[in-house]
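Working notes for the structure below.
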């Protein structure tokens, strides 16, 4: 069994999509569709930068989605996702890419939702008041305990359970800084503040969750071709109403990626294929060492993977 998986924020880079667009009409058309949906030359920003503008959440989120979906569209010249994958999943914003890939959302609608999501998440907390940090070498329970002890009447919560020994926390800047120091004395191998513009996936994002609740209520969201393994439940879902609720919950909830991969492996998935990034594949190998993990980013990657189908 196979799952198609899609990366989240952090996988953006100036130059992304350029070679793909140069080699494929299908990719160029997809980037143009996204530009038209947003009323912005996002593709030029992806190719030329500047990096600080591409890093902005409202640009990074649709850009990462567009790059991932372009690789899939080129591959899909002669195949249909439902014939080649049993499940889809995505890391944070990657859930939107996964739902678009599985035809639960249209491309234009996905781009617009991610633009709203990026703007809402950035606006939820004033710049400089929140932070995120990676705690390495600690299991999830230990990281949760550190976050709780560091909170001290502020917000400090587990944001991403990425892989064994790799947990990201999020919350008020002072609380996250306290957690970093606590992790160092409680056996963590390394703890570091991350270069992000807002404290994602914690309760400080509640204003953004309410914005997304309204936006998703209006969205044309259909049943996906194959079930989605949701971030907040680490379980498969195909009902559109349930997916809407989970996408709202995801804004403030923990991204349970480690558990999602374990659950997919337990369901029989032996092959994970990441589109548009090389971040999730290594995590998969740490979580499920017996599974295969393939990253599909370039034309040569697409051609090589197509030969295995």
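Numbering (the numbering used here), first residue to last: 124 to 432. Built from N, CA and C at the ideal position, the CB exists for glycine as well. Just so you know, these numbers come straight off a predicted model, no measurement behind them.
Of all the beta strand (DSSP E) runs that stay within the bounds of the stretch 239-265, which reach a length of 3 or more residues? 253-259
My understanding is that residue 150 touches residue 193, with C-beta atoms under 8 angstroms, so please give their C-beta distance in whole angstroms. 4 angstroms
Roughly how many angstroms lie between the CA atoms of residue 375 and residue 215, to the nearest whole one? 11 angstroms
With a threshold of 7 angstroms on Cβ separation, who are the neighbours of residue 321 within its own chain once the five nearest residues in sequence on each side are excluded? 180, 244, 245, 247, 248 and 253
Residues near residue 433 in its chain [Cβ-Cβ closer than 7 angstroms; skip 5 each side]: Residue 433 lies beyond the range of the chain shown here (124 to 432); nothing can be said about it.
Cβ neighbour criterion (16 or more within 10 Å) applied to residue 264: exposed
Contact between the stretch 208-225 and the stretch 391-406: three or more CB pairs below 8 angstroms? yes
CB of residue 372 within 7 angstroms of CB of residue 360, strictly: no
Beta-carbon proximity list for residue 398, same chain, < 7 angstroms, skipping 5 on both sides: 127, 129, 191, 194, 195 and 419
Which two residues bound the contiguous alpha helix (DSSP H) that contains residue 373? 363-375
Give, in chain order, every unbroken run of the beta strand (DSSP E) that is at least 3 residues long and sits entirely within the stretch 280-329. 289-295 and 313-316
Would you check whether the ligand FAD has a heavy atom nearer than 6 angstroms to the C-beta of residue 139? Ligands are entirely absent from the displayed structure, and the ligand FAD is therefore not among its contents.
What residue from 368, 363, 364 and 411 has the CA that sits closest to residue 383's CA? 411
Would you tell me roughly how many angstroms separate the C-alpha atoms of residue 158 and residue 148, rounded to the nearest one? 15 angstroms
Looking only at C-alpha atoms, which of 224, 229 and 300 sits nearest to residue 342? 229
Compute the distance between the beta-carbons of residue 256 and residue 299, then report whether it is under 7 angstroms. yes
Going by other Cβ atoms of all chains shown within 10 Å of its Cβ, with 16 needed for buried, is residue 188 buried or exposed? buried
Through-space distance from residue 242 to residue 280, alpha-carbon basis: 22 angstroms
Do three or more CB pairs link the stretch 275-292 to the stretch 313-329 at distances below 8 angstroms? yes
Just list the residues that DSSP pairs residue 213 with in beta bridges. 129
Alpha-carbon to alpha-carbon, residue 236 and residue 431: 33 angstroms
Report the rounded CA-to-CA distance for residue 207 versus residue 125, giving the unit in angstroms. 7 angstroms
By a C-beta neighbour count over all protein chains shown, 10 Å radius and 16 as the cutoff for buried, is residue 250 buried or exposed? exposed
Label residue 289 either buried or exposed according to how many other C-beta atoms from any shown protein chain fall within 10 Å of its C-beta, with 16 as the threshold for buried. buried
So what does DSSP say about residue 351, is it helix, strand or coil? strand
Determine the closest residue to residue 240 out of 259, 284 and 328, with distance taken between C-alpha atoms. 328
For residue 379 versus residue 284, is the C-beta distance shorter than 7 angstroms? yes
Excluding five sequence neighbours on each side, which residues of the same chain lie with their C-beta closer than 7 angstroms to the C-beta of residue 156? 230 and 231
Whose C-alpha, out of 143, 210 and 205, is nearest the C-alpha of residue 197? 143
Residue 383 in three-state terms, based on DSSP: helix
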